[in-house]
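This report refers to the structure that appears directly beneath it.
In the working numbering, the protein residues as written are 129 to 412.
Here you go:
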């Protein structure tokens with residue numbers, strides 16, 4: 129069996145088509161994610177992972193090698209760090225979900241969007257476990273750091289309070305050449321910012337897509353300012369880009385509304401990801 133990009137795309141599409149985790153539970157049973165997924169690879173020793181630690185994210189962010197070492201130490205495993213690769217993927221939202229979140233309100237997330245935040249992420253985690261299991265059948269070890277709380281932990285990056293994770297799926301997607309960031313910190317790609325993404329560390333050498341990675345992390349953002357206008361609390365500006373603290377406060381404030389109107393325990397927003405040129409594609 130050849131493990132390549134087509135293998136991953138086929139496995140992801142099969143999971144999304146057949147597993148009940150990809151159903152809009154409590155709404156209409158339609159798929160949460162579309163089938164037209166994107167997959168990219170990066171070498172586990174790509175210099176960008178050290179740059180994430182030293183310049184871009186912070187020293188707390190793990191490199192693939194560090195994540196593997198932490199996992200092996202915790203689980204008492206002996207797995208070689210040679211030939212590590214990162215597999216990153218994009219899961220585009222159902223088009224009806226994008227449409228509803230645009231039309232529903234200028235202040236609150238729509239029902240489909242909130243359900244996607246809760247059940248869509250559960251689906252994403254289940255997909256990661258599915259891929260890990262499928263790779264194990266081929267004799268290949270794989271790991272998803274975000275599936276293990278002892279590894280990823282969300283922490284405050286600065287004293288003024290900015291939440292950050294020790295493993296960022298979006299930054300893995302950037303490393304794998306799948307797109308760039310926008311003013312809102314949304315990840316811009318060929319399928320649009322209205323998506324969720326995931327990543328795995330794989331103990332198997334895969335051909336890197338680093339040559340597709342732009343040198344500018346904001347390369348595809350046309351600075352149109354539409355996401356600024358869409359944000360109900362003005363957490364996005366041209367000068368400072370994305371104010372994570374203000375954004376977080378807004379997102380967390382939606383919990384009572386979502387519970388009252390949709391009867392699910394989750395926070396959500398996504399207003400800056402719809403009604404913008406990058407909603408469905410890379411803007412021109």
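For every residue, glycine included, the Cβ atom is placed at its ideal position computed from N, Cα and C. If you're wondering where the values come from, they're calculated on a predicted model, not measured in any experiment.
Between residue 392 and residue 266, is the Cβ-Cβ spacing less than 8 Å?
On the chain shown, residue 392 is found 264 positions in, with the first residue counted as 1. On the chain shown, residue 266 is found 138 positions in, with the first residue counted as 1. No. Outside cutoff.
In three-state terms, what does DSSP make of residue 191?
For the purposes of this step, residue 191 is identified with residue 63 of the chain shown, where counting begins at 1. Residue state, collapsed to three classes: coil.
On the three-state DSSP scale, how would you describe residue 175?
Taking the first residue of the chain shown as position 1, residue 175 is located at position 47. It is coil, neither helix nor strand.
Within this structure, are the beta carbons of residue 394 and residue 246 separated by less than 8 Å?
The residue given as residue 394 occupies position 266 in the chain shown. The residue given as residue 246 occupies position 118 in the chain shown. Yes.
Is there at least one non-hydrogen atom of the ligand NAP closer than 7 Å to the beta-carbon of residue 134?
Absence of the ligand NAP is noted for the structure shown, with no ligands found whatsoever.
Identify which residue in 386, 293, 342 and 158 has its Cα closest to the Cα of residue 185.
Here the question's residue 185 lines up with position 57 in the chain shown. The residue with the shortest Cα to Cα distance from residue 185 is 293.
For the pair the stretch 240-260 and the stretch 336-345, tell me if three or more CB-CB distances fall below 8 Å.
They do not touch, by the three-pair rule.
Identify every residue that forms a DSSP beta bridge with residue 168.
Here residue 168 refers to the residue found at position 40 when the chain shown is read from its first residue. 216, per the DSSP bridge assignment.
Measuring alpha carbon to alpha carbon, tell me which of 386, 410 and 234 ends up nearest residue 361.
The residue given as residue 361 occupies position 233 in the chain shown. Nearest option by C-alpha distance: 234.
What does DSSP give as the partner residues of residue 325 in its beta bridges?
Locating residue 325 in the chain shown gives position 197, where the first residue counts as 1. DSSP lists 218 as partners of residue 325.
Pull up the distance between the alpha-carbon of residue 141 and that of residue 326, whole angstroms please.
The residue you call residue 141 lines up with position 13 of the chain shown. The residue you call residue 326 lines up with position 198 of the chain shown. Answer to the nearest angstrom: the Cα atoms are 14 Å apart.
Assuming residue 311 contacts residue 369 (C-beta within less than 8 Å), just tell me the rounded distance between them.
Here residue 311 refers to the residue found at position 183 of the chain shown. Here residue 369 refers to the residue found at position 241 of the chain shown. Indeed they touch by this definition, with Cβ atoms about 5 Å apart.
By DSSP, does residue 366 sit in helix, in strand, or in coil?
Along the chain shown, read from residue 1 onward, the residue named residue 366 stands at position 238. Residue state, collapsed to three classes: coil.
What is the C-beta distance between residue 382 and residue 236, in whole angstroms, given that I count them as a contact (C-beta under 8 Å)?
As a first step, residue 382 must be located in the chain shown, where it is residue number 254. As a first step, residue 236 must be located in the chain shown, where it is residue number 108. That belief holds up - the Cβ atoms of residue 382 and residue 236 are roughly 6 Å apart, short of 8 Å.
Alpha helix (DSSP H) containing residue 375: first to last residue?
The residue given as residue 375 occupies position 247 in the chain shown. Counting along the chain, the alpha helix (DSSP H) containing residue 375 begins and ends at 372-380.
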